[in-house]
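Quick note on our numbering: the sequence shown kicks off at 1419 and runs consecutively.
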Amino acid sequence: MKLWAGRFDKNTDVLVDELNASIGFDFRMYREDITGSIAHSAMLAKQGIISEEDAKLIAEGLKAILADIEEGRLPFGSDAEDVHMAIEGELTRRIGDAGKRLHTARSRNDQVALDIRLYLKREIVEIKELVLELIETLVNIAEKNTDVIMPAYTHLQRAQPTTFAHYMMAYANMLGRDVTRLEDCLNRMDECPLGSGALTSTTYPIDREFTAKELGFARITQNRLDGVSDRDFAIEFLNDISILMMHLSRFSEEIILWCSWEFKFIELDDAYSTGSSIMPQKKNPDIAELVRGKTGRVYGDLMTLLSVMKALPLAYNKDIHEDKEPLLDAIDTIKKCLPVFTAMLNTMRLNTENMRTAAGKGFINATDCADYLVKKGLPFRDAYTVVGRLVNYCIETGKTLETLGPDEYKSFSTAFDGDVYEAISLETCVAKRNAAGGPSKESVGVQIKYIKEFLNEHGR
Ligand code: ARG
């Protein structure tokens, strides 16, 4: 029988029950639901709203239910609409009238708002750890490869030389922002909505600060209409996960390119690659492709919740019940992707010669050649034009800036001397870029130190 059956003359249609039920997915929040209910009943007793004996029975009953669920002894059928009703119903079956007092001064609306916050707070901590692990891996790779020269690209055209370490640290910085974004999100959602009731709270003398403290929240939500109908925190979380996935997807794209025969900068470990059912030669970067693909899925989760919340009047509307599936899907997806991505990077091998060879072609030292002329007194625009002509000449004659003779240089500008070769060597190009944030060994060393401090501050 439904908890609300008193108001109705008929049972709901079975198809309605099916559409209405969320037990299939919100059951994952059983721990949060039980913790919230124990804190709520303790508060009710402290305030003299229910007796201490009832609160004790409720707490013991709920703890026994929790143990039964965790041991797999309590399979909830689909007759319960959602996790809240399933647990309350079971409690009442077990302890009778005391169980029926649990829901005093509470609504499922503040209950579910509480449960999701508690659930997300725990998940954010776990996801953050996975991101930190990935950052740690990138720092390790960077430390070993500060001398490995590779081309850096704009428009996917070879642009200027950099090092593999510099490249890895770029991603480490992006992921560092993901960590702090998740922390900001957690701080903002660290408000307890319990006590909002259905929408305007209750006339019972409740103590919201008490439950907030019991449940480890920093503060209470300040407006009760807002407290029950707000899902900003969930949207913000999905946004943060979307940005994180976007970073992984960009990285995946590079991994896929680097694995191709056209680049062959890296080789993924067999354990993190897949073959083809028909082409015997194939070794495919499926992990990176899946992460790139699943990014679209997580964006979908974000768009779902944004669209669900759009145009909802205050306060609770059943539409909000659609918040959990996208949230859980994004959580499952990111938690599956991150550890595999980290392991894939941990086990990849670098073809450093191929990187060096690629950097040696494509005139990626042309900017440095122009800068050389600037040091010899030419205005940058003139130097730029001279080197542009030089590159054109090289392309026509099948040469590179390194293989041009001194006379050929002189014929383009008398400012060229024999020291041009040293000035445009890729090693010089990288070493001279030693201002903060650059690819030189010292600059990357500073970046590594900075991220290591960041990791340290985050308990690593
Ligand atoms: N299962 C519902 C949800 O997830 C719980 C809140 C139901 N409240 C209501 N007034 N029908 O949103």
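Every residue gets a Cβ at the ideal spot worked out from N, C-alpha and C, and that includes glycine.
- Taking 7 Å as the cut-off, the Cβ atoms of residue 1476 and residue 1531 do not count as close.
- For residue 1865, the uninterrupted alpha helix (DSSP H) run begins and ends at 1859 to 1875, by DSSP.
- In the DSSP assignment, residue 1610 forms a beta bridge with 1638.
- Cβ-Cβ distances below 7 Å link residue 1794 to 1833 in the same chain, with the five nearest sequence neighbours on each side left out; the list follows chain order.
- Residue side-chain check: residue 1646 keeps its Cβ at 6 Å or more from all non-hydrogen atoms of the ligand ARG.
- Per DSSP, residue 1580 is one residue of the beta strand (DSSP E) stretching across 1575 to 1581.
- If the five residues before and after residue 1600 are omitted, its C-beta is found closer than 6 Å to the C-beta atoms of 1542, 1546 and 1658, all from its own chain and listed in chain order.
- Annotation for residue 1802: no beta strand (DSSP E) segment contains it, though the alpha helix (DSSP H) segment containing it runs 1798 to 1815.
- Set against 6 Å, the gap from the CB of residue 1438 to the closest heavy atom of the ligand ARG is not smaller.
- For residue 1526, the shortest separation between its Cβ and any heavy atom of the ligand ARG lies below 6 Å.
- By the CB criterion at 7 Å, residue 1705 and residue 1690 fall inside the cutoff.
- Within the stretch 1523 to 1575, the runs of beta strand (DSSP E) that reach at least 3 residues and sit entirely inside it are, in chain order, 1567 to 1572.
- Taken atom to atom, the span from the alpha-carbon of residue 1459 to that of residue 1551 is near 39 Å.
- It is roughly 21 Å from the alpha-carbon of residue 1443 to the alpha-carbon of residue 1654.
- If you check the CB distance, residue 1629 and residue 1461 come in under 7 Å.
- Of all alpha-carbon atoms in 1839, 1499 and 1662, the one lying nearest the alpha-carbon of residue 1710 is that of 1662.
- Shown here, residue 1467 sits in coil according to DSSP, grouped into three states, outside any helix or strand.
- A check of alpha carbon separations from residue 1647 across 1529, 1465, 1757 and 1785 identifies 1529 as the nearest.
- CA-to-CA, the gap between residue 1587 and residue 1862 works out to about 8 Å.
- Per the coordinates, the alpha-carbon of residue 1440 lies some 6 Å from the alpha-carbon of residue 1499.
- Secondary structure within the stretch 1660 to 1738: the alpha helix (DSSP H) runs of 4 or more consecutive residues, fully enclosed, are 1704 to 1727 (chain order).
- Shown here, residue 1768 sits in a strand according to DSSP, grouped into three states.
- Between residue 1585 and residue 1556, the CB-CB gap reaches or exceeds 7 Å.
- Put simply, the backbone Cα of residue 1743 is about 12 Å away from that of residue 1534.
- In this structure, residue 1751 lies near residue 1712, with their beta-carbon atoms less than 7 Å apart.
- Relative to the ligand ARG, residue 1739 has its C-beta within less than 6 Å of a heavy atom.
- In this structure, residue 1500 has its beta carbon less than 6 Å from a heavy atom of the ligand ARG.
- Here residue 1454 carries a helix assignment [DSSP, helix/strand/coil].
- Residue burial is scored here from C-beta neighbours: residue 1539 has at least 16 other C-beta atoms within 10 angstroms and is therefore classed as buried.
- Not one heavy atom of the ligand ARG is found less than 6 Å from the C-beta of residue 1726.
- A distance below 6 Å between beta-carbons, with the five flanking residues on each side excluded, links residue 1623 to the following residues of its chain, in chain order: 1465.
- Look at residue 1499 here: in three-state DSSP terms it is coil, with no helix or strand label.
- Counting C-beta pairs closer than 8 Å gives fewer than three between the stretch 1671 to 1679 and the stretch 1731 to 1739, which falls short of the contact rule.
- Counting of Cβ neighbours within 10 angstroms places residue 1798 among the exposed residues, the total staying below 16.
- Under a 10 Å Cβ-count criterion, residue 1580 is classified as buried, with 16 or more other Cβ atoms of the shown protein chains found around its own Cβ.
- Sequence-distant Cβ neighbours of residue 1774 in its own chain, meaning closer than 6 Å and more than five residues away, are 1567.
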